[in-house]
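As you go down the protein sequences, you meet chains A and B in turn.
Everything in the first sequence is counted per the numbering used here, starting at 6 for the first residue and increasing by one.
Everything in the second sequence is counted per the numbering used here, starting at 812 for the first residue and increasing by one.
Reading through the structure tokens given below for one structure.
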Amino acid sequence: MMIEIRDMFRTYEVGEEKVHALNGVDLDIEANEYVAIMGPSGSGKSTLMNILGCLDTPTAGSYRLKDKEIRKLTDDELAQILNREIGFVFQTFNLLPRADALHNVELPLVYAGIRHEERRRRAKQALETVGLGDRMKHRPNELSGGQRQRVAIARALVNRPSIILADEPTGNLDSATGEEIMVAFERIWRDGNTVILVTHEADIAAHARRVVRMRDGKIESDVLQGDVRARA
Amino acid sequence: MNLRESIGIALGAIRANKLRSILTLLGTIIGVTSVIAVISFVEGMNRFVSEKLINAGANVFVVDREGFVTSQEAFEAAMKRPIVSLADGEALRQGVAHASLVVSQLGARLPVNYRGKNLRGVDIRGRGAGYDLVDDLAIAQGRHLAETDDARRQMVCVIGPEVVEELFPGMDPIGKQLRIGDFRFEVVGVTQEKGKIFGQSQDRFATIPVRTFQKLMAERGSVSIAIKSVDQSSLPLAQQEARNIMRGRRNLRPGEPDNFGVTTSEAYLDLYKNLTGGIFVVTIGVAAISLFVGGIVIMNIMLVSVTERTREIGIRKALGARRRDILTQFLVESTTLSLAGGAIGILIGIGLALLVGAVSPLPAAVNFKSVLLGIMMSSLVGIFFGSYPAARAARLDPIESLRYE
């Protein structure tokens, strides 16, 4: 099992009040699944995504990623998980503004301690995969929104992580460009990656093969739709 | 993580905000500049002074009217004392048992000319026998002054090679008549070249017999008498003998103070060391204050930089940067920043020292140690004042940082 979540709680203290962002969640995700996590704001989907992405840790319950209990890891081990196992794609792209596309894609490899030439080679390859072989020396502000998001996807893929975690990846794009990005995710999934999509848009979630709906910190429904969209 | 990348980021930030960077680095620049300039200056002075004093020879002390004067009052008092005469010199020559050499000296700066060619400000030295040892002179051409020249008050001189070059280009100066002040002298010898000590030519002089000097130009002038003891251990003895002889000649009663001076080179060296020690203390103070202020400015700018780049820190953490990677990145940045200031300071400091050396007779010596010190000081400032902002950056929460606008 790639991801195993058992009886998970995440509680924030806001002043005197306790807010239960996650209120008893169980979730299993296998390798090479394509999952969309949906729900209105305040449903706990962002909290779940942060925990899945190891940026946050649960208050109670267990999260095992590739059989590792995330709560028991030290800061350095967590950093290594972020580096090796998780590839983020953000709504706002989150590229370094002063670095060119190539350098942005190289960053995860820098923290993986990979040598300069090898880094260059793999980053170029990743950019070519997303069709930006001719934009490597461009900075983010010289690229369109769709191109920026494709740089971010190349960055997420470059260290061959176990999970691609995308948070509203089309939220800042027009629908045509958004559709392009979804085609890219489809291909990533077909290449054997595990893709988890967090979105509140039904037509984006429709691309996934499994849809998990959240409400009030709990999973409301968990539906496979692989039969709806056959593999090409 | 990647050192080159961090240095690159820091240098890029400096280039991107030139004015801000210069203002940021001003404190560090001033601190390092002052240290480098003063160290170079004092170092140069040290060499200059010790060479000057050692030039007079080891185990040499001087008997004269003024002695070792350090204040205006002492100088005025000394001017009322009786002069030291050539007769005193003769008495010392005969009486100081532990002396290997006693040389009477007079001096002035006068123009020298030959057939309309005029050379100003030549060091005219009146010297008794043995001057070649005390002044450390070797003959290149002709002969040294002899005892008989002195006894007969001959109008002869030995000149330095620079005087030859200026007045007798392409000529043999031996036997030529030149004018020193208002008097004609025959050149009997030329010394070997000694070169310059920190811009001061050692070859622009004319030495004449001391009695000739006194007769023509310093009837009432006070002589200074250089006495060289037989060896190091007999130096105090020779000094005591000289004092006793002088006190005897002046009928001083026991308890009456000396009305003449006996001065060793150490006395000058001691005073000098006190002086430069004071300069050092002041410089260290100035440097410490400006480095402290410079450090605080760097800390401030780094805090601004951490805030401005909160999102970048969040991104880096999400991509797998450890706390120590972030810490290192910002420490390297602050250190690069302060080192850049240090480098500018070193260059300005060296420039100042060389400038002072070029326009004044005061020499300057830039040494490797002071450059090293400047680099060390500025990197320490960067590390020390950069650690708080860097620690803050490393502690940032990735989720909040990613949301930061």
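C-beta atoms are modelled at their ideal positions from N, C-alpha and C, and glycine is treated no differently.
Since this is a predicted model, take the numbers as computed values, not measurements.
Buried or exposed by the 16-neighbour rule on C-beta atoms within 10 Å, applied to residue i
{"i": "Ser149 (chain A)", "result": "exposed"}
{"i": "Pro1068 (chain B)", "result": "exposed"}
{"i": "Pro102 (chain A)", "result": "exposed"}
{"i": "Lys829 (chain B)", "result": "exposed"}
{"i": "Asp946 (chain B)", "result": "buried"}
{"i": "Val156 (chain A)", "result": "buried"}
{"i": "His212 (chain A)", "result": "buried"}
{"i": "Asp232 (chain A)", "result": "Summary for Asp232 (chain A): the model assigns pLDDT 45, below 50, so the residue's position carries little reliability; its value from the coordinates is reported in the next sentence. Exposed."}
{"i": "Leu1086 (chain B)", "result": "exposed"}
{"i": "Ser46 (chain A)", "result": "exposed"}
{"i": "His108 (chain A)", "result": "buried"}
{"i": "Leu3 (chain A)", "result": "As displayed, chain A neither begins before 6 nor continues past 237, which places residue 3 (chain A) out of reach and without an answer."}
{"i": "Leu1082 (chain B)", "result": "exposed"}
{"i": "Gln883 (chain B)", "result": "exposed"}
{"i": "Thr881 (chain B)", "result": "exposed"}
{"i": "Arg124 (chain A)", "result": "buried"}
{"i": "Arg236 (chain A)", "result": "Bear in mind that a pLDDT of 42 at Arg236 (chain A), under 50, signals an unreliable position, so the number given afterwards is only what the model happens to contain. Exposed is the call here."}
{"i": "Ser832 (chain B)", "result": "buried"}
{"i": "Val959 (chain B)", "result": "Here residue 959 (chain B) turns out to be Thr, not Val, going by the sequence shown. When all chains shown are included, Thr959 (chain B) counts as exposed."}
{"i": "Arg234 (chain A)", "result": "Interpretation of Arg234 (chain A) is limited by its pLDDT of 40, a score under 50 that renders its predicted location unreliable; no figure is taken from the coordinates."}
{"i": "Lys1039 (chain B)", "result": "buried"}
{"i": "Glu74 (chain A)", "result": "exposed"}
{"i": "Arg126 (chain A)", "result": "exposed"}
Which of helix, strand or coil DSSP assigns to residue i
{"i": "Glu997 (chain B)", "result": "strand"}
{"i": "Leu1207 (chain B)", "result": "coil"}
{"i": "Gly222 (chain A)", "result": "coil"}
{"i": "Met13 (chain A)", "result": "strand"}
{"i": "Phe1071 (chain B)", "result": "coil"}
{"i": "Val1177 (chain B)", "result": "coil"}
{"i": "Ile39 (chain A)", "result": "In the sequence as presented, Ile is not what sits at residue 39 (chain A); that position holds Tyr. If DSSP states are grouped into helix, strand and coil, Tyr39 (chain A) belongs with the strands."}
{"i": "Asp1136 (chain B)", "result": "helix"}
{"i": "Gly1185 (chain B)", "result": "helix"}
{"i": "Phe1016 (chain B)", "result": "strand"}
{"i": "Ala1164 (chain B)", "result": "helix"}
{"i": "Asp983 (chain B)", "result": "coil"}
{"i": "Gln1043 (chain B)", "result": "helix"}
{"i": "Gly1032 (chain B)", "result": "coil"}
{"i": "Arg815 (chain B)", "result": "helix"}
{"i": "Ile988 (chain B)", "result": "For clarity, residue 988 (chain B) is Gln in the given sequence; the question names Ile instead. Residue state, collapsed to three classes: strand."}
{"i": "Lys1026 (chain B)", "result": "helix"}
{"i": "Lys23 (chain A)", "result": "strand"}
{"i": "Asn28 (chain A)", "result": "strand"}
{"i": "Ala117 (chain A)", "result": "coil"}
{"i": "Ala949 (chain B)", "result": "coil"}
{"i": "Glu18 (chain A)", "result": "strand"}
{"i": "Ala1037 (chain B)", "result": "strand"}
{"i": "Asn1111 (chain B)", "result": "helix"}
{"i": "Asn828 (chain B)", "result": "coil"}
{"i": "Ala210 (chain A)", "result": "helix"}
{"i": "Ala237 (chain A)", "result": "Low confidence applies to Ala237 (chain A): its pLDDT is 38, below 50, so where it sits in the model is not reliable enough to give any reading."}
{"i": "Glu1119 (chain B)", "result": "helix"}
{"i": "Leu1130 (chain B)", "result": "coil"}
{"i": "Arg1054 (chain B)", "result": "helix"}
{"i": "Gly1006 (chain B)", "result": "coil"}
{"i": "Gly1106 (chain B)", "result": "helix"}
Sheet register partners of residue i (DSSP bridge)
{"i": "Leu202 (chain A)", "result": "A:Ala41 and A:Ala171"}
{"i": "Leu229 (chain A)", "result": "A:Arg215"}
{"i": "Val969 (chain B)", "result": "B:Gly1000 and B:Thr1018"}
{"i": "Gly8 (chain A)", "result": "Residue 8 (chain A) is actually Ile in this sequence, not Gly. Its beta-bridge partners are A:Ile34 and A:Leu70."}
Under 7 Å from the C-beta of residue i: neighbouring residues of chain E
{"i": "Glu1123 (chain B)", "result": "In summary, chain E is missing from the structure at hand, where the protein chains are A and B."}
request  = Could I get the ranges of all uninterrupted beta strand (DSSP E) runs contained in the stretch 839 to 903 of chain B, with 3 residues as the minimum, in chain order?
outcome  = 871 to 875
inquiry  = As an exercise, report each continuous alpha helix (DSSP H) stretch of at least 4 residues that is fully enclosed by the stretch 908 to 946 of chain B, in chain order.
reply    = 942 to 945
request  = Check distances from the C-beta atoms of the stretch 1190 to 1210 of chain B to those of chain A and list, in chain order, the residues that come in under 8 Å.
outcome  = Pro1209 and Ile1210
query = Quick one: complete alpha helix (DSSP H) runs, 4+ long, within the stretch 34 to 110 of chain A?
reply = 50 to 57 and 80 to 89
request  = Output the residue ranges of the alpha helix (DSSP H) runs that lie fully inside the stretch 121 to 197 of chain A and measure 4 residues or longer, sorted by chain position.
outcome  = 121 to 134, 150 to 162 and 180 to 195
inquiry  = Tell me which residues of the stretch 7 to 29 of chain A have at least one Cβ-Cβ distance to chain B shorter than 9 Å, keeping chain order.
reply    = none
ask   = In the stretch 1127 to 1139 of chain B, which residues sit with their C-beta less than 9 Å from some C-beta in chain A, listed in chain order?
value = Arg1127, Lys1128, Ala1129, Leu1130, Gly1131, Ala1132, Arg1133, Arg1134, Arg1135 and Asp1136
key: Interface residues of the stretch 823 to 853 of chain B facing chain A [CB-CB below 8 Å]   = Gly823
key: Contacting positions in the stretch 69 to 84 of chain A - beta carbon closer than 7 Å to chain B   = Asp80, Asp81 and Ala84
query = Got a sec: which bits of the stretch 138 to 149 of chain A sit with their beta carbon under 7 Å from any beta carbon on chain B, in order along the chain?
reply = none
key: Selection of the stretch 114 to 127 of chain A by Cβ proximity to chain B, strictly under 9 Å   = Val115, Tyr116, Ala117, Gly118 and His121
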